[in-house]
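Undergrad: Sequence order for the protein chains is H and Y.
Oh and the first sequence: position 104 is 125 in the working numbering, straight run, nothing missing.
Oh and the second sequence: position 210 is 284 in the working numbering, straight run, nothing missing.
Just so you know, even glycine gets a beta-carbon here, dropped at the ideal spot from N, CA and C.
One structure follows; several queries about it will come next.
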Amino acid sequence: MDRIKRFMGKDAKIGYSFLAPALILFALLNIYPTIYSFILSFHKWNGLDPHMDFVGISNYLEIFKDKIFHKALLNTAFFSVFTVVVQSFLALLLAVFIENVRQKKLRAFFRITYYFPAIISPVVVALIWGWMFHPYNGALNNILNTTFFWLSDKRTVMPAILIANLWQWTGYNALIFSAGLQSVPKEIYEAADIDGANAWNKFWHVTIPSLKPVASVVIVTTLINGIKVFGLVQVMTAGGPNHLSEVMTTWLYKNAFGLGRLGYASAMGYVMTFISFILTFIYLKQVNKND
Amino acid sequence: MFNRKNMILTLIVVLAISLVGCSGANNTADTGDSAKQESDVTELTFWSWYAQQGPAIEAVVKEFEKDNPKVKVKVEYFETGAYPEQIKTSFISGNAPDIMGVEPGSGPKGLVTFKDAGRVLDLTDIYQEKGWNDRFYESAIKQLTFDGSIYSVPLTVNNMNLYYNKTLFDEFGLKAPKTFDDLYKVSEVLKENGILPITWGNKYQWTGKDYFFLFAGQQDTTLIKKAERGEIKWTDERLVKALNTVKRLSKDEVYAPGTNAMSDWDAIQLFFQEQAAMFFSGTWAIPNIKNNAPEGFTEQLGLIQFPIFENGLNHVSPGGVGMNVAISKDTKHKELAIKFLDYFTKTQSQKIFVKEAQFTSPNKEANVDEIVESHLLKKFNEFQGDTTPRSLVNSKMDAELGGGIQALIEGEMTAKEVLEKVEAVR
Numbered sequence: 022m023d024r025i026k027r028f029m030g031k032d033a034k035i036g037y038s039f040l041a042p043a044l045i046l047f048a049l050l051n052i053y054p055t056i057y058s059f060i061l062s063f064h065k066w067n068g069l070d071p072h073m074d075f076v077g078i079s080n081y082l083e084i085f086k087d088k089i090f091h092k093a094l095l096n097t098a099f100f101s102v103f104t105v106v107v108q109s110f111l112a113l114l115l116a117v118f119i120e121n122v123r124q125k126k127l128r129a130f131f132r133i134t135y136y137f138p139a140i141i142s143p144v145v146v147a148l149i150w151g152w153m154f155h156p157y158n159g160a161l162n163n164i165l166n167t168t169f170f171w172l173s174d175k176r177t178v179m180p181a182i183l184i185a186n187l188w189q190w191t192g193y194n195a196l197i198f199s200a201g202l203q204s205v206p207k208e209i210y211e212a213a214d215i216d217g218a219n220a221w222n223k224f225w226h227v228t229i230p231s232l233k234p235v236a237s238v239v240i241v242t243t244l245i246n247g248i249k250v251f252g253l254v255q256v257m258t259a260g261g262p263n264h265l266s267e268v269m270t271t272w273l274y275k276n277a278f279g280l281g282r283l284g285y286a287s288a289m290g291y292v293m294t295f296i297s298f299i300l301t302f303i304y305l306k307q308v309n310k311n312d
Numbered sequence: 075m076f077n078r079k080n081m082i083l084t085l086i087v088v089l090a091i092s093l094v095g096c097s098g099a100n101n102t103a104d105t106g107d108s109a110k111q112e113s114d115v116t117e118l119t120f121w122s123w124y125a126q127q128g129p130a131i132e133a134v135v136k137e138f139e140k141d142n143p144k145v146k147v148k149v150e151y152f153e154t155g156a157y158p159e160q161i162k163t164s165f166i167s168g169n170a171p172d173i174m175g176v177e178p179g180s181g182p183k184g185l186v187t188f189k190d191a192g193r194v195l196d197l198t199d200i201y202q203e204k205g206w207n208d209r210f211y212e213s214a215i216k217q218l219t220f221d222g223s224i225y226s227v228p229l230t231v232n233n234m235n236l237y238y239n240k241t242l243f244d245e246f247g248l249k250a251p252k253t254f255d256d257l258y259k260v261s262e263v264l265k266e267n268g269i270l271p272i273t274w275g276n277k278y279q280w281t282g283k284d285y286f287f288l289f290a291g292q293q294d295t296t297l298i299k300k301a302e303r304g305e306i307k308w309t310d311e312r313l314v315k316a317l318n319t320v321k322r323l324s325k326d327e328v329y330a331p332g333t334n335a336m337s338d339w340d341a342i343q344l345f346f347q348e349q350a351a352m353f354f355s356g357t358w359a360i361p362n363i364k365n366n367a368p369e370g371f372t373e374q375l376g377l378i379q380f381p382i383f384e385n386g387l388n389h390v391s392p393g394g395v396g397m398n399v400a401i402s403k404d405t406k407h408k409e410l411a412i413k414f415l416d417y418f419t420k421t422q423s424q425k426i427f428v429k430e431a432q433f434t435s436p437n438k439e440a441n442v443d444e445i446v447e448s449h450l451l452k453k454f455n456e457f458q459g460d461t462t463p464r465s466l467v468n469s470k471m472d473a474e475l476g477g478g479i480q481a482l483i484e485g486e487m488t489a490k491e492v493l494e495k496v497e498a499v500r
């Protein structure tokens, strides 16, 4: 009786009417495009012809054989793994550093300063770092007093993009870790002190286990954002030179809007979604297993 | 007054207004005064994305409306990325504009894209009837003709040449180079004095193709079109030679090293700051230089056609049609649209257009020195008759070529390998 009242009663009806605008928007902007692009992935279409050609699964088969997609997949994997491992770890270190600062105001200042890059548009970040890496007038080459081509040398093109990404997101993740750190009860640390634990022991045996849930959040969101990275790469290198720094999103974009292959690009989008799905699923299974 | 009910009401009203205000990304530029909804006034709609041309277009439209009082031309501009979507939805909803701006080629707003979708009128007979075949530059008409039919009218044309810093040249006693021998001598002197010869940024891939088209055109301006149509192979030795010339200039550091690490904009910065003495670009760079280079920089510049890489070749300028306009197949005002385009492109109107917009009209007779302000634009107009094609219609070949040239510069592929890849996607 209670349940029915909750979902069908007068109060509930008011609730639904408040939800309605958001639900309609969600349906329009999320559900409809998701279904539409799924259908599109089985067709061939350039976006302007009045009709689409049904091609079955040939788009998906082509992705399988597409050498550039393979390169993009590898780059995206490299990018994601690097950000998850290195960026998360650095964020944790940064959070520990910030939380151990004595003065409250200084702590707040650090939190804000390190978080700040996260609110800048990735395109702007890409432009700023494009300038930093500029061969002749860039800050980096001026400091090192050299003329190195960071954005076209195959050894440094992905690392350069990773550095820009790190600069933008480490503070954001550090803030999440900060929140996690603050919620660790002091009593546990005191108990550890009594047991004679040093700083490293405390960090390894108290801090890290307590941060498990927060770390989960950071890792999963960093992973998904790593797979989705677009603006940063597109503006810093456009996936170049000649596909060296191509990631799945930039290759999708080029196929959709450069080559006019909307069906193929939609199929690629679904493959990407599928991969993210699997990875997240595996990761969460692992985490829940250990609990 | 500030109770909860009123706050919620206000919030809803605000939201509703903002949703209404967010309808599309267009900003209408109504010509003339607010419309008097008379039933005998016919309205022609003209859609474009190039808002900078706005004042120039309005200037001509005003004259047209004066001479045709029963007609009103409504020009609307859309944000360049949103334009293809707007056009597409308008076809579906039946509200397609009478006249629409298109790009040459097969991109999302390309003429070829619209033509293949059957959305634009065939204007071949109109060209004959109105004598437009004699009005425009031959190269422009050739570029817009597909299998003997033409579907659009050019609005602007442009070409590419070598901008050089005369002040720097004078400082080192250098003369504008006409051949590669000259070019290499000039580069040596510049490099000795710590100046980069030619600055070139190929990060976004499109600039490299222009050099290839240039060196192909210096040998024979028909090579590129022949290769695209399959009359010759992309691996033809003349095309391999053209691509190898790009490689040569890169290897010998006549092009400032780091080409693929810089965008076109990054590269032009070096030119503005006098760290490089030469820059190969088109008519479109003139306003960029005027607005973004140091004060008076434009006066320091000279313009020449790029030096020929072998004796016996011709100096040419890669160029072609910039924006062009087509008439939509669903138009209810076909005769009127044609009348408007005829009026718009006739010499008298084009002179108004040039005076306002300051770039090259497709109508040969309109590009007269008296109304052209920049000395650079005057030179560009001089070379407009000499253009060699600089665009590919086939987007797959275009993409392979772009990526291939980047690989060529990095030493990852040879010229022959690049052209084999282009040939393979035929």
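Taking three-plus beta-carbon pairs below 8 Å as touching, is the stretch 260-268 of chain Y in contact with the stretch 285-298 of chain Y?
TA: no
Undergrad: Using the Cβ count rule (16 or more neighbours within 10 Å means buried), how would you classify His155/H?
TA: buried
Undergrad: Just grab the DSSP bridge partners of Asn235/Y for me.
TA: According to DSSP, which records beta bridges pairwise, Asn235/Y is partnered with Ser355/Y.
Undergrad: When we look at the beta-carbon of Val106/H and count the other beta-carbons within 10 Å, is it buried (16 or more) or exposed?
TA: exposed
Undergrad: Three Cβ pairs or more, each shorter than 8 Å: is that satisfied between the stretch 415-434 of chain Y and the stretch 236-249 of chain Y?
TA: no
Undergrad: If Leu172/H sits next to Thr258/H, beta carbons under 8 Å apart, how far is it from one beta carbon to the other, in whole angstroms?
TA: 5 Å
Undergrad: Is the beta carbon of Tyr278/Y sitting closer than 8 Å to the one on Asp340/Y?
TA: no
Undergrad: When you compare the stretch 373-381 of chain Y with the stretch 441-460 of chain Y, are there three or more beta-carbon pairs, one atom per stretch, that lie closer than 8 Å?
TA: yes
Undergrad: Judging by CA-CA distance, which residue of Trp66/H, Ala129/H, Val241/H, Arg27/H is the nearest neighbour of Lys306/H?
TA: Val241/H
Undergrad: With 8 Å set as the bound, which would you pick, yes or no: does the beta-carbon of Ala278/Y sit closer than that to a beta-carbon of chain H?
TA: For the record, residue 278/Y in the displayed sequence is Tyr; it is not Ala. Cβ-Cβ to chain H under 8 Å: yes for Tyr278/Y.
Undergrad: On the criterion of 16 or more Cβ atoms from any shown chain inside 10 Å, does Ser122/Y qualify as buried, or is it exposed?
TA: Looking at its Cβ environment, which holds 16 or more other Cβ atoms inside 10 Å, Ser122/Y is buried.
Undergrad: What are the residues that DSSP puts in a beta bridge with Phe289/Y?
TA: Partner(s): none; Phe289/Y has no beta bridge.
Undergrad: Grab the span of the beta strand (DSSP E) containing Ala400/Y for me, first residue to last.
TA: 398-401
Undergrad: So what does DSSP say about Pro180/H, is it helix, strand or coil?
TA: helix
Undergrad: So, helix, strand or coil for Asn441/Y, using DSSP?
TA: coil
Undergrad: What does Asp70/H reach in chain Y if we use C-beta pairs closer than 7 Å?
TA: In chain order, Ala191 make up the part of chain Y whose C-beta sits under 7 Å from the C-beta of Asp70/H.
Undergrad: To which residues does DSSP link Glu117/Y through a beta bridge?
TA: Lys146/Y
Undergrad: Which residue marks the beginning of the beta strand (DSSP E) containing Ser173/H, and which one marks its end?
TA: Taken as a continuous stretch (DSSP letters only), Ser173/H belongs to no beta strand (DSSP E), as it is neither H nor E.
Undergrad: Measuring straight from C-alpha to C-alpha, what distance separates Cys96/Y and Gly168/Y?
TA: Any reading at Cys96/Y needs caution, since the residue's pLDDT is 47, under 50, leaving its predicted position unreliable; the model's value is listed next. Going from the Cα of Cys96/Y to the Cα of Gly168/Y covers about 22 Å.
Undergrad: Given 8 Å as the limit, is there contact between the stretch 490-500 of chain Y and the stretch 306-319 of chain Y, that is, 3 or more CB pairs closer than that?
TA: yes
Undergrad: For Thr273/Y, which residues does DSSP report across the bridge?
TA: Phe353/Y
Undergrad: Of the residues that make up the stretch 274-295 of chain H, which ones have a beta carbon closer than 8 Å to any beta carbon in chain Y?
TA: Those residues of the stretch 274-295 of chain H placed with their C-beta closer than 8 Å to a C-beta in chain Y are Lys275, Phe278, Gly279, Leu280, Gly281, ordered along the chain.
Undergrad: If you draw a straight line from the alpha carbon of Ile303/H to that of Ile245/H, how long is it in whole angstroms?
TA: In this model, Ile303/H and Ile245/H are separated by some 13 Å (Cα to Cα).
Undergrad: Identify each residue in the stretch 231-264 of chain H for which the Cβ-Cβ distance to at least one residue of chain Y is less than 7 Å, and report them in chain order.
TA: Those would be Thr258, Ala259, Gly261, Pro262, Asn263, His264, in chain order.
Undergrad: For Trp150/H, does the count of other Cβ atoms within 10 angstroms reach 16, so buried, or fall short, so exposed?
TA: buried
Undergrad: So Ile182/H and Ser266/H are supposed to be a Cβ contact under 8 Å. How far apart are they, rounded?
TA: 6 Å
Undergrad: Could you round the C-beta distance between Thr333/Y and Ile483/Y to whole angstroms and report it? I think they count as a contact, below 8 Å.
TA: 5 Å
Undergrad: Gly36/H to Leu44/H, Cα distance in whole Å?
TA: 12 Å
Undergrad: Just reading off the alpha helix (DSSP H) that Leu257/Y is part of, what are its end residues?
TA: Unbroken alpha helix (DSSP H) run through Leu257/Y: 254-266.
Undergrad: Give the residues of chain Y in contact with Pro156/H, contact being defined as C-beta atoms less than 7 Å apart.
TA: Gly332, Ala335, Met336
Undergrad: Is there contact here, the stretch 234-244 of chain Y with the stretch 400-412 of chain Y, by at least three beta-carbon pairs under 8 Å?
TA: no
Undergrad: Run through DSSP, which three-state label would Phe63/H get?
TA: DSSP places Phe63/H in coil when its eight states are reduced to three.
Undergrad: For Pro178/Y, go through chain H and note every residue whose CB falls closer than 9 Å to its CB, in chain order.
TA: Within chain H, no residue comes near Pro178/Y; the closest Cβ sits about 15 Å away, beyond 9 Å.
Undergrad: Note down, in chain order, every chain Y residue with its Cβ under 8 Å from the Cβ of Trp66/H.
TA: Those do not exist, as Trp66/H stays about 11 Å from chain Y at its closest Cβ, beyond 8 Å.
Undergrad: Considering only their Cβ atoms, is the gap separating Ser58/H from Ser297/H smaller than 8 Å?
TA: no
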